[in-house]
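Engineer: Structure provided below as structure tokens; questions to follow.
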Amino acid sequence: MIYKFKRCFVLAITGAMTVASISFSTATYAQDPEFLNIGGGPSGGTFNVVATGLGNLMREAFPDSVVGVQPGGSGPNLLRVSSGEADLGITSASNASDAWAGRDPATPENPIKNIRGLMTFFPSAIQIWVDASSDIQSIEDLVGKQISAGQPGQTSWNAFNNLLEVHGMKIEDLEVNGGKIHHLSWKESQNGLRNGQLDAVMWVALYPHSTVLATETARKIRVLTIDESKINKYLAEYGSGFKKVTLPVGLYQGQSTEVTSVGTKTFLFSSDRMPDETAYKVTSAIWKNLDKFQQTHALLQYIETETAGRGMLAPIHPGAAKFYEEQGIPVDEAALN
Numbered sequence: 035m036i037y038k039f040k041r042c043f044v045l046a047i048t049g050a051m052t053v054a055s056i057s058f059s060t061a062t063y064a065q066d067p068e069f070l071n072i073g074g075g076p077s078g079g080t081f082n083v084v085a086t087g088l089g090n091l092m093r094e095a096f097p098d099s100v101v102g103v104q105p106g107g108s109g110p111n112l113l114r115v116s117s118g119e120a121d122l123g124i125t126s127a128s129n130a131s132d133a134w135a136g137r138d139p140a141t142p143e144n145p146i147k148n149i150r151g152l153m154t155f156f157p158s159a160i161q162i163w164v165d166a167s168s169d170i171q172s173i174e175d176l177v178g179k180q181i182s183a184g185q186p187g188q189t190s191w192n193a194f195n196n197l198l199e200v201h202g203m204k205i206e207d208l209e210v211n212g213g214k215i216h217h218l219s220w221k222e223s224q225n226g227l228r229n230g231q232l233d234a235v236m237w238v239a240l241y242p243h244s245t246v247l248a249t250e251t252a253r254k255i256r257v258l259t260i261d262e263s264k265i266n267k268y269l270a271e272y273g274s275g276f277k278k279v280t281l282p283v284g285l286y287q288g289q290s291t292e293v294t295s296v297g298t299k300t301f302l303f304s305s306d307r308m309p310d311e312t313a314y315k316v317t318s319a320i321w322k323n324l325d326k327f328q329q330t331h332a333l334l335q336y337i338e339t340e341t342a343g344r345g346m347l348a349p350i351h352p353g354a355a356k357f358y359e360e361q362g363i364p365v366d367e368a369a370l371n
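Going left to right, the sequence shown walks through residues 35 to 371 as the numbering used here numbers them.
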């Protein structure tokens, strides 16, 4: 059980001392949790790096707790935190929206509605990277190509399937004439793009992404634009976690025109079982040590007063809401309810 607290008290009874231990409801927790498990991401990925940095911060904030960081991903983290296997997780607003509505392939019959937002970390967008000299100019041109689009359960994989759907396509349509979808890690995907083994990599990621910039030491990269009508259709179907974004000229060396896509936010969350005091302390520890936390990953520079409490979609945890109110940090009304 995640929220376990060791407590004992001494009852003095005439002429005798009895030692007893009792358990309390979550509403009366006063001490730090015995365990604090954080759901991150695949090894070497952004979520993993951020979760590791968060774990270091939490060990300082909760010195009497056993803090652990688990591999995961946007989708798996929702499942684990919801079920109690983890206490904190990192996910995207788009994945949270899908899980809440029961659209997530992993939980089609069991909507996840017990998640609570703590803090927005950074923005990201659907990006389909190709060699700048490639003849791939559109989603339709991906037919028969070697493509990596993340792994089942990840934000990227869900978004890729949704993107194909608004184009009237399916995975099977791409895997003709030798085409293949490869379920690779982030590192493997970028290596494949760099050495030419992959024709395209699709990921929901920050922009520009430092790893893609590093890939450009071998070849210039550009991002496919998504047609305006398809963006509108995407937002109509899946828009509660997305919005239209524009990626500027020069974002990558091979990008000579503006690119339109759909973006989302990545945020930290817990379940509604987390005690208010714990959620308050987690949020406070991050905010009061923000400079240190932001050294973990360049993306975390996005966290500031105007962004920390916005874009999560899920209801904000009462403990986090209390901290934000005290600090004068604005928060969004929950879009998911």
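C-beta: ideal position from N, C-alpha, C; glycine also.
This structure is a prediction, so every number in the text was calculated from the model and none was measured.
1. Would you list the one or two residues that DSSP bridges to Arg150?
2. Note the first and the last residue of the continuous beta strand (DSSP E) segment covering Ser128.
3. Would you report the Cα separation of Ile337 and Thr154, rounded to the nearest angstrom?
4. Output the distance between the C-alpha atoms of Asp310 and His201, rounded to the nearest integer angstrom.
5. Put Lys204 into one of helix, strand or coil per three-state DSSP.
6. Decide if Thr251 is buried, meaning its Cβ has at least 16 other Cβ atoms within 10 Å, or exposed.
7. Do you know whose CA, among Met92, Thr300, Asn71, lies nearest Lys315's CA?
8. Are there 16 or more other CB atoms within 10 angstroms of the CB of Asp98, so buried, or fewer, so exposed?
9. How many Å lie between Ile205 and Gln361 at the Cα?
10. Do the segment 273–292 and the segment 238–247 meet, that is, are 3 or more Cβ pairs less than 8 Å apart?
11. Met203 to Ile160, Cα distance in whole Å?
12. Please go through the same chain and pick out, in chain order, the residues whose beta-carbon is closer than 6 Å to the beta-carbon of Ala368, but skip the five residues on each side of it.
13. For the putative contact between Val115 and Ser305, defined by C-beta atoms under 8 Å, what is the C-beta separation to the nearest angstrom?
14. So, is Thr300 buried or exposed, given that buried needs 16 or more other C-beta atoms within 10 angstroms?
15. According to DSSP, simplified to helix, strand and coil, what is Leu112?
16. If the criterion is Cβ atoms closer than 8 Å, does the pair Gly75 and Gly106 meet it?
17. Could you give the first and the last residue of the continuous beta strand (DSSP E) run that contains Lys277?
18. What three-state label does DSSP hand Thr298 in the structure shown?
19. Is it buried or exposed, Ser158, if we count other Cβ atoms within 10 angstroms and call 16 or more buried?
20. Run through the DSSP bridge pairs and tell me what Asn19 is partnered with.
21. Between which two residues does the alpha helix (DSSP H) holding Lys315 run?
22. Buried or exposed: where does Val84 fall if 16 or more other Cβ atoms within 10 Å of its Cβ makes it buried?
23. Name the residue from Val101, Ala95, Val100, Asp132 whose alpha carbon lies nearest to the alpha carbon of Leu112.
24. Could you check if His217 is buried or exposed, using at least 16 other CB atoms within 10 Å of its CB as the buried criterion?
Structural biologist: Result, derived from the coordinates:
1. Walking along the sequence shown from the start, residue 150 turns up at place 116. Looking at the DSSP assignment, Arg150 forms a beta bridge with Ser304.
2. Position 94 of the sequence shown, counted from the start, is the residue given in the question as residue 128. Unbroken run through Ser128 is the alpha helix (DSSP H), 127–135; no beta strand (DSSP E).
3. One-based indexing of the sequence shown puts residue 337 at position 303. One-based indexing of the sequence shown puts residue 154 at position 120. Looking at the two C-alpha atoms, the distance is approximately 7 Å.
4. Position 276 of the sequence shown, counted from the first residue, corresponds to residue 310. Position 167 of the sequence shown, counted from the first residue, corresponds to residue 201. If I take the Cα positions, the gap works out to 44 Å.
5. Residue numbering aside, residue 204 sits at position 170 when the sequence shown is read from its first letter. Of the three classes helix, strand and coil, the one that applies to Lys204 here is coil, per DSSP.
6. Sequence index remark: in the sequence shown, residue 251 carries index 217 (1-based). Exposed, by the Cβ-count rule.
7. To locate residue 315, count along the sequence shown from 1; it is residue 281. It is Met92 whose Cα lies nearest to the Cα of Lys315.
8. Stepping through the sequence shown from its first residue, residue 98 is reached at position 64. Flag for Asp98 reads exposed.
9. Start at 1 with the first residue of the sequence shown, and residue 205 comes out as number 171. Start at 1 with the first residue of the sequence shown, and residue 361 comes out as number 327. Approximately 47 Å, taken between the alpha carbons.
10. yes
11. Residue numbering aside, residue 203 sits at position 169 when the sequence shown is read from its first letter. Residue numbering aside, residue 160 sits at position 126 when the sequence shown is read from its first letter. If you take the alpha carbons of Met203 and Ile160, they lie about 17 Å apart.
12. In the sequence shown, the residue the question calls residue 368 occupies position 334. Only Pro349 meet the Cβ criterion.
13. Walking along the sequence shown from the start, residue 115 turns up at place 81. Walking along the sequence shown from the start, residue 305 turns up at place 271. About 5 Å separates the two Cβ atoms, so the contact holds.
14. For the purposes of this step, residue 300 is identified with residue 266 of the sequence shown, where counting begins at 1. Buried, since its Cβ has 16 or more Cβ neighbours within 10 Å.
15. Within the sequence shown, residue 112 is the residue found at index 78, counting from 1. Note: Leu112 maps to helix in three-state DSSP.
16. Counting from one through the sequence shown, the residue named residue 75 turns up at place 41. Counting from one through the sequence shown, the residue named residue 106 turns up at place 72. In contact: Gly75 and Gly106 (Cβ atoms closer than 8 Å).
17. Taking the first residue of the sequence shown as position 1, residue 277 is located at position 243. Counting along the chain, the beta strand (DSSP E) containing Lys277 begins and ends at 277–281.
18. Here the question's residue 298 lines up with position 264 in the sequence shown. Three-state DSSP puts Thr298 in a strand.
19. Numbered from 1 along the sequence shown, position 124 holds the residue referred to as residue 158. Its Cβ being crowded by 16 or more others within 10 Å, Ser158 is buried.
20. In the structure as shown, the chain starts at 35 and stops at 371, and residue 19 therefore has no counterpart that could be examined.
21. Position 281 of the sequence shown, counting from 1, holds the residue named residue 315. That run of the alpha helix (DSSP H) goes 310–322.
22. In the sequence shown, the residue the question calls residue 84 occupies position 50. So Val84 counts as buried.
23. Position 78 of the sequence shown, counted from the first residue, corresponds to residue 112. Leu112 has its Cα closest to that of Asp132, out of Val101, Ala95, Val100, Asp132.
24. Within the sequence shown, the letter at position 183 stands for residue 217. Exposed.
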